[in-house]
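Visitor: For the sequence shown, the numbering used here assigns the number 676 to the last residue and increments by one with no breaks.
Just so you know, even glycine gets a beta-carbon here, dropped at the ideal spot from N, CA and C.
Nothing here was measured: the structure is a model prediction, and the numbers come from that model.
Structure below; questions to follow.
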Amino acid sequence: MNKKKKIQRSILTFPLLFSLGVSSFPLTTTIHADTHEEQSAEKKLVSLTELTSLFFEYLQQGKYAEALQLTSTAFQSKFTATTLQNWWTQSGWSGIKSMGTPVIKERNLVHQTVEIPAATEGTTIPLLLKFTPGGKVDEIGERPPEESFTIPHPSYDQPNSYQEREIVIGNSTYPLPATLTVPKHQRGEKVPVVVLVHGAGIHDRDATYLGTKILRDIAVGLSSNGIAVLRYEKRTLEHALKMSAEPVTLDRDTTDDAIYAAKSAAQQEGIDPNNIFILGHSQGAGTMPRILSKAPSSLVRGSILLAPPARPLTEIAIDQYEYLGASKEEIDELKRQAAFIQDPTFNPDHPPAGYNFGSPHFMYDVSRWRPVEEAKSRKEPLLILQGARDYQVTVKNEYTKWQEGLANRRNVQFKKYPKLNHFFTEGEGELSLPSEYEIPANVPEYVIQDIITWVNETKK
Numbered sequence: 217m218n219k220k221k222k223i224q225r226s227i228l229t230f231p232l233l234f235s236l237g238v239s240s241f242p243l244t245t246t247i248h249a250d251t252h253e254e255q256s257a258e259k260k261l262v263s264l265t266e267l268t269s270l271f272f273e274y275l276q277q278g279k280y281a282e283a284l285q286l287t288s289t290a291f292q293s294k295f296t297a298t299t300l301q302n303w304w305t306q307s308g309w310s311g312i313k314s315m316g317t318p319v320i321k322e323r324n325l326v327h328q329t330v331e332i333p334a335a336t337e338g339t340t341i342p343l344l345l346k347f348t349p350g351g352k353v354d355e356i357g358e359r360p361p362e363e364s365f366t367i368p369h370p371s372y373d374q375p376n377s378y379q380e381r382e383i384v385i386g387n388s389t390y391p392l393p394a395t396l397t398v399p400k401h402q403r404g405e406k407v408p409v410v411v412l413v414h415g416a417g418i419h420d421r422d423a424t425y426l427g428t429k430i431l432r433d434i435a436v437g438l439s440s441n442g443i444a445v446l447r448y449e450k451r452t453l454e455h456a457l458k459m460s461a462e463p464v465t466l467d468r469d470t471t472d473d474a475i476y477a478a479k480s481a482a483q484q485e486g487i488d489p490n491n492i493f494i495l496g497h498s499q500g501a502g503t504m505p506r507i508l509s510k511a512p513s514s515l516v517r518g519s520i521l522l523a524p525p526a527r528p529l530t531e532i533a534i535d536q537y538e539y540l541g542a543s544k545e546e547i548d549e550l551k552r553q554a555a556f557i558q559d560p561t562f563n564p565d566h567p568p569a570g571y572n573f574g575s576p577h578f579m580y581d582v583s584r585w586r587p588v589e590e591a592k593s594r595k596e597p598l599l600i601l602q603g604a605r606d607y608q609v610t611v612k613n614e615y616t617k618w619q620e621g622l623a624n625r626r627n628v629q630f631k632k633y634p635k636l637n638h639f640f641t642e643g644e645g646e647l648s649l650p651s652e653y654e655i656p657a658n659v660p661e662y663v664i665q666d667i668i669t670w671v672n673e674t675k676k
């Protein structure tokens with residue numbers, strides 16, 4: 217297999233070179249509201265298609281102030297008519313020849329999506345507008361090419377044993393649709409809850425990546441066994457364009473919404489506010505010490521870390537490129553970019569000429585984080601799980617550093633799984649390859665059971 221062909225796909229899994237451009241603006245998850253809401257929405261659908269055509273007509277005609285009047289308060293807090301003009305002219309869409317007929321697409325509790333085909337030289341681009349419930353344009357994007365993977369539901373999923381509630385977490389600028397999966401329980405009974413935090417990049421609430429849905433599998437597995445789970449669309453998915461209008465930091469990308477989610481979980485009916493757990497995968501796991509330090513005191517009972525990085529992401533990126541067989545030129549350029557960030561004088565507000573390593577503020581954060589050192593001073597119990605075949609966050613360079621760094625903490629447990637890769641699906645051989653993620657698979661039940669056992673032993 218040609219490893220080099222897989223390099224970019226791999227990096228998007230655990231991104232070290234990602235930007236939040238709208239060219240990768242993804243599809244949201246459809247959520248069915250109750251009948252009354254659906255009927256009310258249907259009455260608005262015609263006007264939303266008309267507004268979609270009008271909005272793009274204004275942009276094409278250079279009427280940016282008029283276009284801005286069709287947008288939400290949150291959108292207007294990030295864009296003026298001038299910055300909207302700058303974005304439109306730089307987006308590559310200003311060369312659109314004609315627009316097709318808008319079509320109503322998916323809906324969740326935050327946005328109704330409308331898709332409109334845009335004809336350019338030799339191709340058609342499926343553009344998207346996301347509207348607020350009040351009918352204001354809140355996001356603009358492009359639907360990415362769809363990759364078709366039929367991912368099975370895990371055998372341990374017992375849907376009759378839990379109920380799903382759709383809720384909204386976050387703040388007024390970045391509200392996020394979320395799913396709270398609650399085990400069936402007796403009236404007055406309260407159950408523990410695990411909040412799920414994604415890895416780096418653009419993710420839906422299931423953390424869908426090729427043939428895997430690691431967070432979906434964990435959610436249904438835990439909720440089939442008496443533990444509630446809250447998972448949410450990542451801000452980089454639901455609000456990509458607005459996020460691109462301000463510096464993207466690790467807190468805006470991950471930390472803030474994890475805390476919003478934990479606070480929201482504590483307020484939900486049937487949830488025990490004394491037993492709020494947070495589970496993070498990959499970057500979400502590496503960010504956990506920061507999440508715990510910024511969360512209100514005593515909010516979080518304990519945390520589960522799946523494949524947590526220990527080193528700066530710049531170092532991990534270089535290792536990944538070398539493992540995947542990148543050319544010397546590619547690796548040298550990556551090292552040059554990393555050197556920019558690691559320079560003590562690096563200023564993310566004014567990155568040096570030649571820097572193109574993604575959001576400078578984000579990379580500044582993750583090149584200077586020291587999650588193991590931060591975790592040493594935390595008191596919350598931790599469960600740290602690792603796939604032995606993970607080539608992205610390796611046992612040798614990451615997991616062992618957690619073991620060594622937290623050796624003196626008595627309330628930290630570790631477990632390594634011989635067959636698992638970065639997304640906690642099974643394979644054979646030594647370290648995995650990116651192509652393994654294309655094989656539809658579920659998180660094994662033994663991982664689910666280990667998490668269940670630890671939560672039940674750790675809860676108050």
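1. If proline 370 and valine 384 are in contact, beta carbons under 8 Å, what's the gap, nearest whole angstrom?
2. Thinking C-alpha only, which one of Pro512, Thr470, Gln276 is nearest tyrosine 495?
3. Within this structure, are the beta carbons of leucine 159 and isoleucine 434 separated by less than 8 Å?
4. Can you tell which of Gln483, Gly351, Thr336, Gly502 has its C-alpha closest to the C-alpha of valine 609?
5. To the nearest angstrom, report how far apart glycine 645 and arginine 605 are at their CA atoms.
6. Return the first residue and the last residue of the beta strand (DSSP E) that histidine 497 is part of.
7. Output needed for asparagine 572: all residues of its chain with C-beta closer than 8 Å, excluding positions within five of it in sequence on either side, in chain order.
8. In this structure, how does DSSP classify alanine 474 when only helix, strand and coil are distinguished?
9. Please state whether the Cβ-Cβ distance between arginine 468 and tyrosine 448 is less than 8 Å.
10. Using CA atoms only, rank isn't needed, just tell me which of His497, Glu531, Ser513 is closest to proline 524.
11. Count Cβ pairs between the segment 421–430 and the segment 400–410 that sit closer than 8 Å; are there 3 or more?
12. If you draw a straight line from the alpha carbon of leucine 343 to that of glycine 357, how long is it in whole angstroms?
13. Taking 8 Å as the threshold (C-beta atoms), are leucine 267 and glycine 351 in contact?
14. At which residues does the beta strand (DSSP E) containing aspartate 354 begin and terminate?
15. Looking at the strands, I want to know which residues DSSP matches up with lysine 346.
16. Mind checking which residues open and close the alpha helix (DSSP H) that includes tyrosine 583?
17. Are there 16 or more other CB atoms within 10 angstroms of the CB of proline 368, so buried, or fewer, so exposed?
18. Which residue's Cα is closest to the Cα of glutamate 652: Glu661, His638, Gly415, Pro660?
19. Considering only the alpha carbon of each residue, which of Thr641, Lys458, Val445, Arg625 lies closest to phenylalanine 291?
20. What are the start and end residues of the alpha helix (DSSP H) that includes alanine 290?
21. Who are the near neighbours of serine 235 in its chain, counting only those whose CB is closer than 7 Å to its CB and skipping five residues on each side?
22. Determine the direct distance from the alpha carbon of serine 648 to that of alanine 416, and round the result to whole angstroms.
23. When the Cα of glutamate 282 is compared with those of Gln301, Thr265, Thr340, which residue comes out closest?
24. What beta strand (DSSP E) runs, 3 residues minimum, are completely inside the segment 380–445?
25. What residues in its chain sit with their C-beta under 6 Å from that of threonine 389, if we drop five residues either side in the sequence?
26. Would you mind stating whether alanine 526 and valine 588 have Cβ atoms separated by less than 8 Å?
27. Figure out for me which residue from Ala569, Ser480, Gly570, Gln285 has the closest Cα to the Cα of arginine 381.
28. Which whole-angstrom value is the C-beta distance of isoleucine 332 and leucine 264, which I expect to be below 8 Å?
29. Between the alpha carbons of tryptophan 618 and proline 597, how many angstroms are there, rounded?
30. What residue from Ser513, Lys551, Ala657 has the CA that sits closest to leucine 529's CA?
31. Could you say which of Val410, Pro564, Gly311 lies nearest to valine 582 if we only look at CA atoms?
32. With DSSP as the reference, please indicate the residues paired to alanine 334 in a beta bridge.
33. Is phenylalanine 639 helix, strand or coil when you go by DSSP?
34. Pull up the distance between the alpha-carbon of threonine 340 and that of arginine 432, whole angstroms please.
35. Out of Glu661, Val611, Phe640, Gln602, which has the shortest C-alpha to C-alpha gap to lysine 631?
Guide: Let me spell this out:
1. Against the sequence shown, residue 370 aligns to sequence position 154. Against the sequence shown, residue 384 aligns to sequence position 168. Proline 370 to valine 384, Cβ: 27 Å. No contact.
2. Translated into positions along the sequence shown, residue 495 becomes position 279. A quick correction: the sequence has leucine, not tyrosine, at residue 495. Per the Cα distances, Thr470.
3. This structure cannot settle anything about residue 159, because the visible part of the chain is limited to 217 through 676.
4. By one-based count along the sequence shown, residue 609 stands at place 393. Minimum Cα distance to valine 609 is reached at Gly502.
5. Here residue 645 refers to the residue found at position 429 of the sequence shown. Here residue 605 refers to the residue found at position 389 of the sequence shown. Going from the Cα of glycine 645 to the Cα of arginine 605 covers about 8 Å.
6. Here the question's residue 497 lines up with position 281 in the sequence shown. Histidine 497 -> beta strand (DSSP E) spans 487–497.
7. As a first step, residue 572 must be located in the sequence shown, where it is residue number 356. Shown here for asparagine 572: same chain residues with a beta carbon closer than 8 Å to its own, the five before and five after excluded, namely Gln553 in chain order.
8. Against the sequence shown, residue 474 aligns to sequence position 258. DSSP places alanine 474 in helix when its eight states are reduced to three.
9. Locating residue 468 in the sequence shown gives position 252, counting from the first residue. Locating residue 448 in the sequence shown gives position 232, counting from the first residue. Cβ distance not < 8 Å, so arginine 468 and tyrosine 448 don't count as in contact.
10. The residue given as residue 524 occupies position 308 in the sequence shown. Selected option, being the one with the closest Cα: His497.
11. The segment 421–430 is not in contact with the segment 400–410.
12. For the purposes of this step, residue 343 is taken as residue 127 along the sequence shown, with counting starting at 1. For the purposes of this step, residue 357 is taken as residue 141 along the sequence shown, with counting starting at 1. C-alpha separation (whole angstroms): 6 Å.
13. Within the sequence shown, numbered from 1, the residue matching residue 351 stands at position 135. Within the sequence shown, numbered from 1, the residue matching residue 267 stands at position 51. In contact: glycine 351 and leucine 267 (Cβ atoms closer than 8 Å).
14. Numbered from 1 along the sequence shown, position 138 holds the residue referred to as residue 354. Start and end: 353–358.
15. On the sequence shown, position 130 is the one that residue 346 refers to. The secondary-structure analysis by DSSP pairs lysine 346 across a beta bridge with Thr329, Glu355.
16. For the purposes of this step, residue 583 is taken as the residue at position 367 of the sequence shown. The question names tyrosine, but residue 583 is serine in the sequence shown. That run of the alpha helix (DSSP H) goes 576–584.
17. If you number the sequence shown from 1, residue 368 lands on position 152. Proline 368 is classed as exposed because its beta carbon has fewer than 16 other beta carbons within 10 Å across all chains shown.
18. Looking up residue 652 in the sequence shown gives position 436. Out of Glu661, His638, Gly415, Pro660, His638 has the C-alpha closest to the C-alpha of glutamate 652.
19. Start at 1 with the first residue of the sequence shown, and residue 291 comes out as number 75. Of the listed residues, the one whose Cα sits closest to phenylalanine 291 is Lys458.
20. The count along the sequence shown starts at 1 and reaches residue 290 at position 74. First-last of the alpha helix (DSSP H) with alanine 290: 289–292.
21. Here residue 235 is taken as the residue at index 19 of the sequence shown, counted from 1. Any reading at serine 235 is ruled out, since the residue's pLDDT is 28, under 50, leaving its predicted position unreliable.
22. Within the sequence shown, residue 416 is the residue found at index 200, counting from 1. Within the sequence shown, residue 648 is the residue found at index 432, counting from 1. Cα to Cα, alanine 416 sits roughly 19 Å from serine 648.
23. Along the sequence shown, read from residue 1 onward, the residue named residue 282 stands at position 66. The shortest C-alpha separation from glutamate 282 is found at Gln301.
24. Here the runs fully enclosed are 391–399, 407–413.
25. Counted from its first residue, the sequence shown places residue 389 at position 173. Cβ neighbours of threonine 389 beyond the five flanking positions: Ala290.
26. Position 310 of the sequence shown, counted from the first residue, corresponds to residue 526. Position 372 of the sequence shown, counted from the first residue, corresponds to residue 588. A contact, by the Cβ cut-off of 8 Å.
27. Numbered from 1 along the sequence shown, position 165 holds the residue referred to as residue 381. Out of Ala569, Ser480, Gly570, Gln285, Ser480 has the C-alpha closest to the C-alpha of arginine 381.
28. To locate residue 332, count along the sequence shown from 1; it is residue 116. To locate residue 264, count along the sequence shown from 1; it is residue 48. That belief does not hold up - the Cβ atoms of isoleucine 332 and leucine 264 are roughly 11 Å apart, past 8 Å.
29. Translated into the one-based positions of the sequence shown, residue 618 becomes position 402. Translated into the one-based positions of the sequence shown, residue 597 becomes position 381. Looking at the two C-alpha atoms, the distance is approximately 14 Å.
30. Indexing the sequence shown from 1 puts residue 529 at position 313. Ranking Ser513, Lys551, Ala657 by Cα distance to leucine 529 puts Lys551 first.
31. As a first step, residue 582 is located in the sequence shown; it is residue number 366 there, counting from the start. The residue with the shortest Cα to Cα distance from valine 582 is Pro564.
32. The count along the sequence shown starts at 1 and reaches residue 334 at position 118. Bridge partners of alanine 334: Met315, Ile341.
33. Stepping through the sequence shown from its first residue, residue 639 is reached at position 423. Reduced to three states, the DSSP call for phenylalanine 639 is coil.
34. Indexing the sequence shown from 1 puts residue 340 at position 124. Indexing the sequence shown from 1 puts residue 432 at position 216. Answer to the nearest angstrom: the Cα atoms are 33 Å apart.
35. By 1-based counting over the sequence shown, the position of residue 631 is 415. With respect to the C-alpha of lysine 631, the residue from Glu661, Val611, Phe640, Gln602 having the closest C-alpha is Gln602.
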